[in-house]
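*Asks:*
Numbering (our numbering), first residue to last: -7 to 89.
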């Protein structure tokens, strides 16, 4: 199922449990991470628009912006001004320990 189908149906994204104890920002981050990890969002893919994410998660713009900034800071997303936000071509390697 693609995100636009989920958004149109008004259903919660499949495979992600959104416990109320998590902040809205954490819920969005977890969902985007899961989509990337599962390969539903691949390197170079544009993520859903801020409007789509606001509608899907029933939030204001702030949690969406914070989630995107969190993932950008971690190197999972990159933005192109006036174009959109995309999954990075090469997500950073996990730190070794």
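Cβ coordinates follow ideal geometry from the N, Cα and C atoms, glycine included.
With DSSP as the reference, please indicate the residues paired to residue 76 in a beta bridge.
*Replies:* On the chain shown, position 84 is the one that residue 76 refers to. Paired residues: 72.
*Asks:* Would you mind reading off the limits of the alpha helix (DSSP H) that contains residue 18?
*Replies:* For the purposes of this step, residue 18 is identified with residue 26 of the chain shown, where counting begins at 1. 16 to 29 is the extent of the alpha helix (DSSP H) around residue 18.
*Asks:* Excluding five sequence neighbours on each side, which residues of the same chain lie with their C-beta closer than 7 Å to the C-beta of residue 74?
*Replies:* Here residue 74 is taken as the residue at index 82 of the chain shown, counted from 1. Cβ neighbours of residue 74 beyond the five flanking positions: none.
*Asks:* What's the C-alpha gap between residue 27 and residue 79?
*Replies:* Here residue 27 corresponds to residue number 35 of the chain shown, with the count starting at 1. Here residue 79 corresponds to residue number 87 of the chain shown, with the count starting at 1. Cα to Cα, residue 27 sits roughly 10 Å from residue 79.
*Asks:* Compare the C-alpha of residue 59 against each of 15, 20 and 14 and name the closest.
*Replies:* The residue given as residue 59 occupies position 67 in the chain shown. Among 15, 20 and 14, the Cα nearest to that of residue 59 belongs to 20.
*Asks:* Using 10 angstroms around the beta-carbon of residue 35, count the other beta-carbons present and answer buried if the total reaches 16, otherwise exposed.
*Replies:* Within the chain shown, residue 35 is the residue found at index 43, counting from 1. When all chains shown are included, residue 35 counts as exposed.
*Asks:* Please report the straight-line C-alpha distance between residue 77 and residue 71, rounded to a whole angstrom.
*Replies:* In the chain shown, counting from the first residue as 1, residue 77 sits at position 85. In the chain shown, counting from the first residue as 1, residue 71 sits at position 79. Looking at the two C-alpha atoms, the distance is approximately 4 Å.
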